[in-house]
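The structure appears right after this line, and notes come after that.
Number of protein chains: 4
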Amino acid sequence: MALLVEKTTSGREYKVKDMSQADFGRLEIELAEVEMPGLMSCRTEFGPSQPFKGARITGSLHMTIQTAVLIETLTALGAEVRWCSCNIFSTQDHAAAAIARDSAAVFAWKGETLQEYWWCTERALDWGPGGGPDLIVDDGGDATLLIHEGVKAEEEFEKSGKVPDPSSTDNSEFQIVLTIIRDGLKTDPKKYTRMKERLVGVSEETTTGVKRLYQMQANGTLLFPAINVNDSVTKSKFDNLYGCRHSLPDGLMRATDVMIAGKVAVVCGYGDVGKGCAAALKQAGARVIVTEIDPICALQALMEGLQVLTLEDVVSEADIFVTTTGNKDIIMVDHMKKMKNNAIVCNIGHFDNEIDMQGLETYPGVKRITIKPQTDRWVFPETKTGIIVLAEGRLMNLGCATGHPSFVMSCSFTNQVIAQLELWKEKSTGKYKKEVYVLPKHLDEKVAALHLGKLGAKLTKLSKDQADYISVPIEGPYKPPHYRY
Amino acid sequence: MALLVEKTTSGREYKVKDMSQADFGRLEIELAEVEMPGLMSCRTEFGPSQPFKGARITGSLHMTIQTAVLIETLTALGAEVRWCSCNIFSTQDHAAAAIARDSAAVFAWKGETLQEYWWCTERALDWGPGGGPDLIVDDGGDATLLIHEGVKAEEEFEKSGKVPDPSSTDNSEFQIVLTIIRDGLKTDPKKYTRMKERLVGVSEETTTGVKRLYQMQANGTLLFPAINVNDSVTKSKFDNLYGCRHSLPDGLMRATDVMIAGKVAVVCGYGDVGKGCAAALKQAGARVIVTEIDPICALQALMEGLQVLTLEDVVSEADIFVTTTGNKDIIMVDHMKKMKNNAIVCNIGHFDNEIDMQGLETYPGVKRITIKPQTDRWVFPETKTGIIVLAEGRLMNLGCATGHPSFVMSCSFTNQVIAQLELWKEKSTGKYKKEVYVLPKHLDEKVAALHLGKLGAKLTKLSKDQADYISVPIEGPYKPPHYRY
Amino acid sequence: MALLVEKTTSGREYKVKDMSQADFGRLEIELAEVEMPGLMSCRTEFGPSQPFKGARITGSLHMTIQTAVLIETLTALGAEVRWCSCNIFSTQDHAAAAIARDSAAVFAWKGETLQEYWWCTERALDWGPGGGPDLIVDDGGDATLLIHEGVKAEEEFEKSGKVPDPSSTDNSEFQIVLTIIRDGLKTDPKKYTRMKERLVGVSEETTTGVKRLYQMQANGTLLFPAINVNDSVTKSKFDNLYGCRHSLPDGLMRATDVMIAGKVAVVCGYGDVGKGCAAALKQAGARVIVTEIDPICALQALMEGLQVLTLEDVVSEADIFVTTTGNKDIIMVDHMKKMKNNAIVCNIGHFDNEIDMQGLETYPGVKRITIKPQTDRWVFPETKTGIIVLAEGRLMNLGCATGHPSFVMSCSFTNQVIAQLELWKEKSTGKYKKEVYVLPKHLDEKVAALHLGKLGAKLTKLSKDQADYISVPIEGPYKPPHYRY
Amino acid sequence: MALLVEKTTSGREYKVKDMSQADFGRLEIELAEVEMPGLMSCRTEFGPSQPFKGARITGSLHMTIQTAVLIETLTALGAEVRWCSCNIFSTQDHAAAAIARDSAAVFAWKGETLQEYWWCTERALDWGPGGGPDLIVDDGGDATLLIHEGVKAEEEFEKSGKVPDPSSTDNSEFQIVLTIIRDGLKTDPKKYTRMKERLVGVSEETTTGVKRLYQMQANGTLLFPAINVNDSVTKSKFDNLYGCRHSLPDGLMRATDVMIAGKVAVVCGYGDVGKGCAAALKQAGARVIVTEIDPICALQALMEGLQVLTLEDVVSEADIFVTTTGNKDIIMVDHMKKMKNNAIVCNIGHFDNEIDMQGLETYPGVKRITIKPQTDRWVFPETKTGIIVLAEGRLMNLGCATGHPSFVMSCSFTNQVIAQLELWKEKSTGKYKKEVYVLPKHLDEKVAALHLGKLGAKLTKLSKDQADYISVPIEGPYKPPHYRY
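Protein chains in written order, with full-length UniProt numbering: chain A, 1 to 485; chain B, 1 to 485; chain C, 1 to 485; chain D, 1 to 485.
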């Protein structure tokens with residue numbers, strides 16, 4: 001795909017796979033709106049006052065139907081928006097087309113190369129000569145990373161005239177990042193610095209991105225305020241848990257059509273994502289084995305009747321392997337060689353380095369047979385048996401299916417909208433320093449409350465007397481900050 | 001699609017959607033083989049002796065990847081095969097292409113019209129001047145129906161010269177059947193009679209088809225022996241139950257991406273199919289309400305914590321409706337009008353008349369919006385709200401997803417192979433009259449046994465003393481005929 | 001306990017533990033009545049016409065609170081009743097006292113010796129000089145066995161003058177039976193013969209008793225008609241399955257207070273009882289392993305995510321062992337020696353010979369430590385480690401808890417009442433030969449229907465058109481005889 | 001029971017129900033030790049160094065078998081111990097007897113009056129003239145409360161000569177507390193002041209007690225350091241959740257023998273306790289309805305397929321009501337009047353004021369029928385129908401069954417031992433102020449780790465590289481403080 005920016009008749013930039021899918025995307029967006037009461041309530045509550053009037057928002061977040069509803073909520077509140085995906089396989093092309101045609105500048109398609117991926121990220125951040133965005137919606141932290149690396153390079157360049165050297169790293173993706181920055185320095189050596197200066201803040205979606213932010217905060221290198229949306233209860237205990245419970249089997253089924261019942265499944269990691277995955281597999285009739293480093297999570301798995309072993313113990317007898325750890329080097333090529341024929345290996349834990357894709361790709365004599373896009377059988381020369389790797393080791397629920405369903409994403413994205421509103425409202429008050437914040441509990445509870453009516457639920461009201469007895473306000477928040485839900 | 005038969009270079013007839021998908025089909029067939037140990041064992045055990053040498057088998061059964069493995073098991077045992085699908089939406093075009101190219105005459109594609117459907121059925125039954133098939137593999141009984149109706153018409157024509165009158169029936173599909181037979185009479189007034197004479201027997205796959213056969217047996221109109229494969233334990237208690245538990249959520253997810261958790265789901269009917277559906281929905285986090293006519297099945301639902309109500313009680317508060325009854329007129333257009341906006345209505349119970357599609361299609365002012373193939377939103381003029389109907393009321397797991405997974409179909413189809421072998425072996429012995437038979441229990445147990453190794457199971461062996469104590473042979477069968485599992 | 005029959009002030013015979021518990025028994029009987037709608041409906045429907053007027057009914061069935069409601073349903077319909085328990089540990093003494101005081105002749109207490117057990121059985125069958133009962137309600141077949149053995153001995157005695165020789169058998173319990181019969185011959189050599197002649201029939205409750213009856217039918221030795229209540233769907237698919245799902249954890253908890261979550265549990269046998277047990281253990285958080293001889297049941301276990309292995313594979317790593325097979329010699333002393341310290345061993349499958357109690361008791365140097373009644377720790381001399389055996393290997397749910405709960409027993413016992421009514425109504429018509437019968441399906445459905453209202457369920461009604469379409473009567477029965485539910 | 005302190009032959013004080021049950025208690029304690037690996041590991045690790053040498057520990061915590069193992073762990077580490085129960089129904093008399101005979105001064109029996117209860121608490125705190133305990137193990141905070149109220153009264157008395165006036169409160173239990181303090185003032189006006197001065201700190205077990213502590217911290221009235229054991233993950237996410245999942249059905253079954261399957265159950269509150277209860281009831285086949293004030297917890301319930309309504313919505317159709325809120329006035333007598341006949345009402349949420357017992361007891365014409373201890377039927381005069389109240393509204397799992405099982409209590413109590421060790425070790429360092437602390441995460445993880453071996457689990461080890469990648473030490477702790485598990 002030639003990397004040329006296109007323009008709509010109204011002059012808005014975009015680069016998507018197929019603009020003719022916009023109608024289809026629109027139909028699915030309309031379905032999703034019915035399933036996303038939190039976002040629709042934001043439109044009702046805040047739309048009239050146009051709080052984002054004048055705000056430029058850049059998003060780097062899976063360009064799906066659900067994200068489309070998020071984007072159009074931001075625009076309904078007055079924002080201008082530019083968007084890219086945060087994963088090379090996660091874009092739904094009809095969603096991208098509908099948004100590009102109707103609402104925002106989109107640079108995303110399913111099956112980007114890494115080169116294309118970072119080009120899209122750069123496009124989303126580039127608001128033209130006037131500088132960058134006011135706000136960032138980030139997922140995994142790639143937009144944030146690019147700015148931080150850009151600023152670092154510009155400062156070094158100013159100081160010493162040195163430009164980044166892509167060959168200084170083994171990491172092939174990071175080489176691309178450095179190349180982009182290096183090439184940018186030639187034409188505009190202050191681009192990222194201007195961005196940083198304009199930026200009011202970022203709201204970050206995932207565990208992985210949040211971890212990066214806390215590290216930057218600890219190192220003192222964070223360049224702007226950040227709101228940790230991931231650790232809103234209505235995000236991490238819903239999207240991570242119930243979203244994966246839904247989308248893991250969905251991805252398995254669409255990619256392989258394999259019967260889950262009767263199979264032995266290994267879930268690496270028993271955090272919120274692992275809990276959702278293990279629950280889904282168990283309910284579908286698999287026998288689930290968990291691997292864990294953390295004894296508390298391990299004991300939780302045991303209490304649910306799951307076996308806790310090491311990967312080495314079970315690598316040759318299991319049928320399905322799922323990584324959910326957020327760590328790297330979980331399933332190595334040496335593990336894969338020992339697996340049963342047609343064992344399924346997939347990752348739903350964020351980066352593709354949970355699975356040793358590089359080890360697999362470079363294994364001498366290994367043969368890759370693409371069954372269909374995002375479903376590959378890799379055959380080892382010694383045994384002639386193969387394993388099935390989904391989405392090239394990247395997020396299988398987004399690569400092989402359509403990601404989390406609308407309802408649970410409405411919880412997550414309502415947190416995003418609230419976080420963005422908060423950052424924008426306080427842009428001049430100094431309330432937020434260059435640190436990482438979580439949303440206050442009453443907003444978390446509000447997000448939940450917005451989603452109850454759709455499911456027919458009715459809340460009980462505290463009496464004054466009862467509220468006093470347990471020392472909470474009648475209207476909440478109802479729990480201390482350390483409460484774990 | 002022009003209804004012209006094509007031929008492979010080897011001269012075998014076919015009509016499929018796209019022969020270029022044959023390679024993709026072959027890859028998925030190879031994956032499925034690993035998941036279908038029963039069928040592969042049949043190839044190992046019976047292949048060398050070529051028991052089907054000289055046998056012509058016609059199949060009318062969803063032309064999926066799993067069926068492809070069945071077909072190639074039949075050909076591996078020496079049979080010649082012609083095949084059509086038994087549902088206009090259930091064909092997987094890559095499976096059809098691979099089989100058409102490599103193994104058997106196939107007449108099937110996804111999205112046939114009813115005209116095309118019956119044309120395909122006729123093609124699959126037509127073995128040329130030498131008459132029809134020796135054996136039929138039937139699913140739902142359409143191939144059997146066509147022969148029975150054909151013979152009836154030919155007898156009447158011989159007697160009175162009268163030909164069938166399509167306008168004698170309201171049922172638009174049956175009009176097509178009668179038209180085909182009527183037109184055939186002109187060129188060959190003995191075609192179905194010759195078929196009947198050659199036919200050794202049929203093995204029938206489903207509850208619905210079996211019911212038809214028992215009715216014909218009761219009426220004395222059954223023209224050839226039939227084996228009821230559906231009521232093998234390893235079929236109805238596996239495919240119907242565990243297959244639907246797998247494929248119902250699969251279909252829902254692929255068609256609508258809707259979050260199942262938190263929703264109110266109504267399952268009409270709590271037989272094996274309904275039990276599988278209800279289990280799947282409950283496990284995914286829905287609140288499930290069952291409708292039933294049979295107090296025993298209703299009490300079973302209650303014991304699983306499901307509510308049992310009538311459709312009228314819940315029609316306006318539920319989010320998902322699934323019919324599994326095998327009966328007609330379950331969800332009428334008057335029900336649909338009262339449903340919530342974007343309520344999902346689907347059928348997994350065999351025929352599309354479980355849902356009042358005709359009432360819906362002819363409702364004054366109703367508007368159909370096709371979101372994507374097999375996913376339609378129907379908007380009522382009064383309320384401007386819509387419901388989402390899957391697969392036009394036909395089997396949603398085959399129309400919207402890929403049907404049951406390979407492993408459980410291996411159980412069902414191994415029963416089919418065994419039934420076909422039995423009919424063919426006894427073709428001249430008179431063992432089978434023009435009646436309906438079930439397979440003996442030791443074969444049922446054998447089918448199960450063939451599927452244990454793949455799942456790592458180890459059976460316990462009875463001692464002689466124990467076997468005597470409970471009065472069974474050491475090698476089984478272990479249960480009395482009335483045992484319910 | 002001295003084996004002397006006592007009499008109430010009204011002159012009715014009894015032998016129970018403690019008559020002062022009658023009030024407590026009455027209170028619990030009243031609670032149970034609310035939970036047993038089937039039995040209470042029988043009282044309402046049939047009470048006024050007193051169909052059992054003049055009938056003598058002997059019951060040999062666990063003398064629990066639920067059985068008390070059964071007995072008082074029989075008396076409410078006009079019967080005279082004598083009762084004993086069918087298990088030495090299953091009597092609830094307060095239930096026995098209340099019935100003895102208020103309604104029927106009872107011979108039963110918790111913790112009978114085998115001598116006492118058979119004395120009670122004899123008392124329950126002995127209606128005085130006028131002969132025996134008209135009808136028997138049997139559970140496990142001991143009352144039926146005593147009559148058959150008695151008649152056999154009397155015939156032999158008449159022919160040859162020979163009396164039974166208790167030393168002719170190794171089975172210590174059967175020695176007691178033969179002794180009773182031998183001693184009876186001296187005073188009345190026609191007692192069992194007269195019983196047989198008077199007897200209209202028996203209705204049998206359990207799998208084990210039914211198996212005995214079918215063997216006698218096959219051998220031609222059955223002396224009177226029998227109705228197989230066990231194989232009513234509303235019995236075996238409810239009491240066996242849902243009853244055990246409830247009462248297995250109940251027994252485990254009351255006997256040992258052990259935490260089930262996290263444990264490895266082995267369920268020997270995956271019939272209805274095993275299915276209920278495995279479901280309960282899995283739901284409570286155990287990891288469940290099943291042992292099976294039958295490949296079909298094994299495959300069912302696998303589809304539910306349970307591992308299927310042999311006892312030998314897992315004997316040294318499991319924490320809880322449950323036998324449900326209905327066979328003998330399942331867990332032998334050699335297995336028990338290999339178990340972990342404080343492994344729990346129990347039986348819910350009918351006779352105590354599922355567990356090798358004799359091998360355990362006679363193991364050299366083994367030490368029995370009674371924690372509390374029905375909970376023993378057996379310590380092996382070699383390892384000084386012990387296992388915990390519940391209820392001395394007899395039914396643990398009745399020995400350690402209170403058996404199945406009222407609601408599910410209402411299903412079973414309503415079948416008993418209907419079976420008894422049917423036998424009595426047809427006593428002179430010759431409808432029932434000396435064979436084993438099951439109740440017709442419409443009565444099975446009726447039993448279920450009587451239990452729906454209590455749970456708030458509403459059935460759907462077929463239209464005439466729908467009923468015709470599926471060829472069933474509007475009012476049922478709705479399923480063919482071979483239907484498996 | 002006359003309130004006289006007795007003495008063992010060794011001179012240790014006690015007051016228990018029946019010393020002859022000590023042997024039975026010892027047997028069950030020995031069984032429990034095998035199930036409590038955390039406590040036994042503490043004995044192995046710390047026993048040799050006798051860290052509690054010279055420490056006096058007073059405990060106010062359900063005097064069960066599990067607590068006996070805790071007490072003997074404290075004494076094995078060198079402590080002297082005095083103990084009372086924290087609930088009038090929760091003592092297991094055989095456990096109390098064994099401990100009183102063998103290990104510690106115990107003042108507890110099942111079925112205390114409130115007068116007796118507070119007498120026991122006072123006895124447990126009274127170490128003779130030398131003052132009070134060094135450390136307190138508290139559950140619900142009653143021992144802590146008594147000291148705080150005592151000190152307050154002594155200060156007022158010293159200041160103004162005024163003594164507490166029991167008639168100043170409506171709360172009948174608090175009247176008893178004030179009476180005890182008032183009476184004590186006469187003989188020793190510095191008793192509680194001396195206690196306070198000696199006290200090193202308290203470790204508190206439950207949500208309710210912790211809430212009281214935080215309130216005192218907020219008010220500045222907390223008199224000594226406190227460790228919040230409840231909010232250790234290995235306590236609140238295990239004992240509250242998995243403990244209740246086990247012991248709620250246990251209590252229901254022992255108290256009522258009612259079948260849970262098919263019933264409608266209302267769980268008031270969906271915190272950890274409510275989650276455990278709802279899971280248990282759902283798994284047992286009930287249809288569960290949740291009431292909640294907190295929208296986040298409500299949304300969690302919905303995601304598990306539970307209905308969320310208000311008590312008013314369902315009061316007349318449910319069969320079982322369970323309060324788990326930690327609040328008061330949840331089920332009022334006006335609710336109870338509207339319930340179905342024999343609806344079961346019980347509390348597992350801490351205090352008996354969750355249920356309006358006072359309203360019930362004083363309802364005009366209401367009749368109480370005690371079925372058996374802790375199971376009462378209350379009949380309303382208007383309807384003559386009754387409801388069944390368990391444990392007089394107090395903790396039903398301890399009142400009607402034996403509380404949580406040993407394994408999960410081992411987690412909770414290992415936290416207690418660690419907390420006590422920490423307080424004692426730091427008694428002179430000033431590390432702990434008069435505030436509330438939670439244990440550091442590495443100790444929480446250690447508690448979990450001590451429980452893995454018993455369940456056969458094997459942990460995965462991080463490589464150095466992986467640990468660096470996610471920025472945690474190889475040996476943990478692995479999660480940030482805000483992690484919710």
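Here a beta-carbon is modelled for each residue, glycine too, at the ideal position from N, C-alpha and C. If you're wondering where the values come from, they're calculated on a predicted model, not measured in any experiment.
For residue 282(A), the chain C residues whose C-beta falls within less than 8 Å of its own C-beta are 305, listed in chain order. Assignment of beta-bridge partners to residue 105(D) by DSSP yields 82(D). Annotation: residue 131(D) to residue 226(D) spans about 20 Å, alpha carbon to alpha carbon. Listed along chain C, the residues sitting closer than 7 Å to residue 402(D) by beta-carbon distance are 257. Secondary structure of residue 238(A) (DSSP, three-state): coil. Unbroken beta strand (DSSP E) stretches of 3 residues or longer found wholly inside the stretch 186–247 of chain D: 201–204 and 226–228, given in chain order.
It is roughly 23 Å from the alpha-carbon of residue 146(C) to the alpha-carbon of residue 398(C).
In this structure, residue 123(D) sits away from residue 19(D), with a CB-CB distance that is not shorter than 9 Å. Nearest C-alpha to residue 394(A) among 366(A), 452(A), 248(A) and 429(A): 248(A).
In this structure, residue 36(D) and residue 81(D) do not form a Cβ contact; the two beta carbons are roughly 17 Å apart against a cut-off of 8 Å.
Within chain A, the residues whose beta carbon sits less than 7 Å from that of residue 302(C) are 262, listed in sequence order.
Contact annotation: in the stretch 424–442 of chain B, residues whose CB is within less than 8 Å of a CB in chain C are 438.
If you draw a 10 Å sphere on the C-beta of residue 38(D), you find 16 or more other C-beta atoms in it, and that means buried.
Rounded to the nearest angstrom, the gap between the Cα atoms of residue 464(B) and residue 255(B) is 54 Å. Around residue 406(D), the beta-carbon contacts reaching into chain C at under 9 Å are 257, 258 and 259.
Assignment of residue 410(D) by DSSP, reduced to helix, strand and coil, places it in the helix class. Listed in chain order, the non-local C-beta contacts of residue 279(C) below 6 Å within the same chain comprise 245, local neighbours out to five positions each way being set aside.
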